[in-house]
Amino acid sequence: MAKGIIRAKAKAKGGNTSVKIMAKHDMETGNRKDKKGKKIPAKYIQTMSVAYNGKKVMEANMGTAVSKNPYLAFTFEGGAKGDQLDITWIENTGNTGTETAKVR
Amino acid sequence: MISRRSVLKAVFTGGAVAGLGVLMPSIALAAWNKAAFETDNQDTAMGALFDGAPSASAEVNLKAPDIAENGAVVPVTISSSMAGVKTIAVFVEGNPNPLAAQFAIPAGTKAEVSCRIRMGKTSAVTAVVETASGLFSASKEVKVTIGGCGG
Chain A
1233 MAKGIIRAKA
1243 KAKGGNTSVK
1253 IMAKHDMETG
1263 NRKDKKGKKI
1273 PAKYIQTMSV
1283 AYNGKKVMEA
1293 NMGTAVSKNP
1303 YLAFTFEGGA
1313 KGDQLDITWI
1323 ENTGNTGTET
1333 AKVR
Chain B
21 MISRRSVLKA
31 VFTGGAVAGL
41 GVLMPSIALA
51 AWNKAAFETD
61 NQDTAMGALF
71 DGAPSASAEV
81 NLKAPDIAEN
91 GAVVPVTISS
101 SMAGVKTIAV
111 FVEGNPNPLA
121 AQFAIPAGTK
131 AEVSCRIRMG
141 KTSAVTAVVE
151 TASGLFSASK
161 EVKVTIGGCG
171 G
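Shown next as structure tokens:
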């Protein structure tokens, strides 16, 4: 999984913007075994941060106990329709990605 | 005069700095705490993350199901009416790694986050809210029935 794993919905209402993010990711814990009994190496998102106008509005550090396809919802003050959010994720393997979402 | 060497040097230094920025955008708030995330003991995880133990508070609101039919996806919402919330952390006591997630809340962001966590078995879920004035927690027992009749 390289690019395009994030689905985000951001909605501005009454001076606040509510953000819902779902990342398509298996969040492999490293405890699971495959059919041959070999451990599947851990592969999960460690950090997901959301920036609005260059200012960080949320940073989530996740462990292996976050479910598959992690979901994150929060609200921040400010934000207007048409603005852009930058969502950056970092995997434990070192992979990173930045995706953007528009406030609606 | 700009020589080829100085141009290359500038490009490399700039690239290195930009690379660092991409790798470590989290440094300003809270870096991913390896010791806290990888320990199998909840107290150790809390010790690695905070100084001191949290005290139970009614102002920390942990919303989680009483019975989770599927332990792989347990929705939780943590909110707090307290001012100046800096971080919110979620622990699942019975998991192999109790620390599930930690959220840094910058000023201007509401102290309310929702996420979905995994639970290996029935256990207590604890939310810890860190404010300028200390650590506060709320916890709740969540029953996990995997594959059963769903409670």
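Quick mapping for you: the protein sequence lines, in order, are chains A and B.
Going by our numbering, the first residue of the first sequence is number 1233, and it counts up by one from there.
Going by our numbering, the first residue of the second sequence is number 21, and it counts up by one from there.
Where a beta carbon is used, it is the ideal one built from N, C-alpha and C, also for glycine.
- For B:P74, the nearest beta carbon of chain A is not closer than 8 angstroms to its own beta carbon.
- Closest in alpha carbon position to B:A51, among A:M1280, A:G1310, A:D1266 and A:H1257, is A:M1280.
- With respect to chain B, the C-beta atom of A:A1297 has a partner C-beta closer than 8 angstroms.
- For B:S159, the pairing in a beta bridge is given by DSSP as B:T146.
- Taking 7 angstroms as the upper bound on Cβ-Cβ separation, chain B lies near residues N1263, Q1278, T1279 and S1281 of the region 1249-1283 of chain A.
- Secondary structure in the region 59-97 of chain B: the alpha helix (DSSP H) runs of 4 residues or longer, each lying completely within the stretch, are 62-69 in chain order.
- DSSP, reduced to helix, strand and coil, places A:K1252 within a strand of the structure shown.
- DSSP places A:M1280 inside the beta strand (DSSP E), whose first and last residues are I1277 to Y1284.
- According to the DSSP assignment, A:V1298 belongs to no beta strand (DSSP E), since it is labelled neither H nor E.
- Look at A:K1267 here: in three-state DSSP terms it is coil, with no helix or strand label.
- CA-to-CA, the gap between B:K83 and B:I98 works out to about 6 angstroms.
- Pairing B:A120 with A:G1262 gives a Cβ-Cβ distance that is not under 8 angstroms.
- Within the region 119-141 of chain B, the residues whose Cβ lies closer than 8 angstroms to any Cβ of chain A are, in chain order, L119, A120, A121, Q122, F123, A124, I125, P126, G128, T129, K130, E132, V133, S134, C135, R136, I137, R138 and M139.
- In this structure, B:V148 is the residue among B:G114, B:D86 and B:V148 with its C-alpha nearest to the C-alpha of B:P74.
- For A:K1313, the three-state secondary structure derived from DSSP is coil.
- Of the candidates B:F156, B:T129, B:F123 and B:P95, the residue whose Cα lies closest to the Cα of A:G1310 is B:T129.
- Burial check for B:E132: the Cβ neighbour count within 10 Å reaches 16 or more, so the residue is buried.
- At a cut-off of 8 angstroms between C-beta atoms, B:P85 does not count as an interface residue with respect to chain A.
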